[in-house]
Structures are given as structure tokens and as C-alpha cells.
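Report on the structure given below.
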Amino acid sequence: MKKWLFWVYLCGALSLHSCSDDNQSTTSSTLPMQRGTSGEFRDYDQLLLNMYNGRDSVCASVTYRHNSVNYKVANVLADSGSGYTLRGYLMYEDRNNTTAYYTGDFRNGIIDEYVYNFSRQTYDSRQYDVSHDSIFQHDGFSPTIPEVQGRRFWGWEYNMHGPCVNGTRTITKTYYVCWVGVNTVDATDENGDVLTEPCGPSVLGDD
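Those letters in the sequence shown? Residues 57 to 263, per my numbering, in order.
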């Protein structure tokens, strides 16, 4: 826990020093950033170009580590006419080589997700309303939020279950982004069947 907090506060301080992590205007002269994407985020260059008409800048990525997984996050800013403002986060996870771009109305809990689809060479998009999530209500939506026990920095976590019906209950999983729960669904096996467990002490260890 202490090691995680050290990483968060150190990386958060570096991020705030170089690229603003709020919606306040900043000037390009103080930001180590570039137009367009490269490296893990190279497939998102066209998306940002379409969204911001070439007036975007991508900050140097910051690495976060949780449960032996490394996550890279790069702030994306765009020129609003009076300076650069934070528009979203490019994210990369090294275990599964996963990437995505998150933007939207962060202040009001509307999160837009864009994931590059290699087979179609386009972007799959989805919108989430996280305004009722307890972590969002307390801390907002930002990669600098300290670790939250029972949640993931980014990805699916089997940590909940449905109501008890006839002696069994469904197991559910939640998709987290920056510790905020954006989507909860019934967990299924490889055949698409919903996973269940007997009522009583949970196999998830949360009873």
C-alpha cells in the first residue's frame, strides 16, 4: 500500500508539473508534449486528429503499477483557443497489450471510451455514466486517485454477486477505469453461461 501511494504521489506530482491534470488552461511552452501519438498509442493518432483537428498535444506517459501490472497513461490536451486543456487519457496495459482512449465530460461523470479495432481499422466506442459511482463522487475521474481496495486500476474484476434466488446467486464482474466502476455485468464462462455460486460465504471472499 505504501509503495503504491508513493508511486501515485510521485507520478501525480510529475504529471501536474508537466501536463495539467485538471480542466484549467495551460500554455504549450510549459508542457513536454507532441502533436500526435507514437509507441503504444500510435493507433490513436487518426482518432485524435479527427476529434481535435490537429490541435491536440499528447503528454509524456506516466507509469502506474498495480498487482504486478504496468499501466501507462498519457494526458491528451487540445487547444481551446485560450490555451491547452485536458481532454482525456490514453491508456496502455502491458499484460494483455490493451489500449484505449477515455474522454468525455469528466466533471459530470460521462466517460466516452474508444478502443482501436485492428480487424476493421476503426474505433469501437462506448459511453458510460459513472456519476453514481462512490469513488467518482469522492475523487472524480483521474489516474492519480490512490489505490482502492477491492477494485482494479483498469480492467475487469470479479468482486460482486447478485441476490440469492432458490439457494444460488449470480457472480458479477465490474469494469474499472482509474478505480472508477464504469460497467457491471453478470460473469459468464467460455460457453456464455452465467456463473453462479451457492448462497452463503462467497467464493469471492467478500462476505
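Each residue gets a CB set at the ideal place from its N, CA and C atoms; glycine is no exception.
Residue 113 has 133 as its beta-bridge partners, per DSSP. Annotation for residue 222: no beta strand (DSSP E) segment contains it, and DSSP assigns it neither H nor E. Exclusion of the five residues before and after residue 225 leaves 217, 218, 219, 252, 253, 255 as the residues of its chain whose Cβ lies within less than 7 Å of its Cβ.
Annotation for residue 237: 186, 189, 191, 207, 230, 231 place their beta carbon closer than 8 Å to its own, counting only its chain and skipping 5 residues before and after. Distance between residue 102 and residue 222, taken at the CA atoms: about 52 Å.
For residue 205, the secondary structure class from DSSP, reduced to helix, strand or coil, is coil.
Residue nearest to residue 143 within the set 153, 131, 152 is 131 (criterion: CA-CA distance). With 16 or more other Cβ atoms inside 10 Å of its own Cβ, residue 112 counts as buried.
Distance check between residue 234 and each of 244, 248, 159, 141 places 159 closest, using alpha-carbon atoms only. The C-alpha of residue 120 lies about 5 Å from the C-alpha of residue 127.
A direct Cα-Cα distance of roughly 9 Å separates residue 179 from residue 100.
Counting the other CB atoms within 10 Å of its CB gives residue 246 a total below 16, which places it among the exposed residues. Membership of residue 188 in any beta strand (DSSP E) is not indicated, and neither H nor E is assigned to it by DSSP. Around the Cβ of residue 199, a 10 Å sphere holds 16 or more other Cβ atoms; the residue is buried.
DSSP links residue 252 through a beta bridge to 226.
Residue 121 sits in a strand when the DSSP states are folded into three classes. Residue 168: member of the beta strand (DSSP E) spanning 166-173, first to last residue.
DSSP places residue 95 in the helix class (H, G or I) of the three-state scheme.
If you compare the alpha carbons of 228, 248, 195 with that of residue 241, the shortest gap goes to 228.
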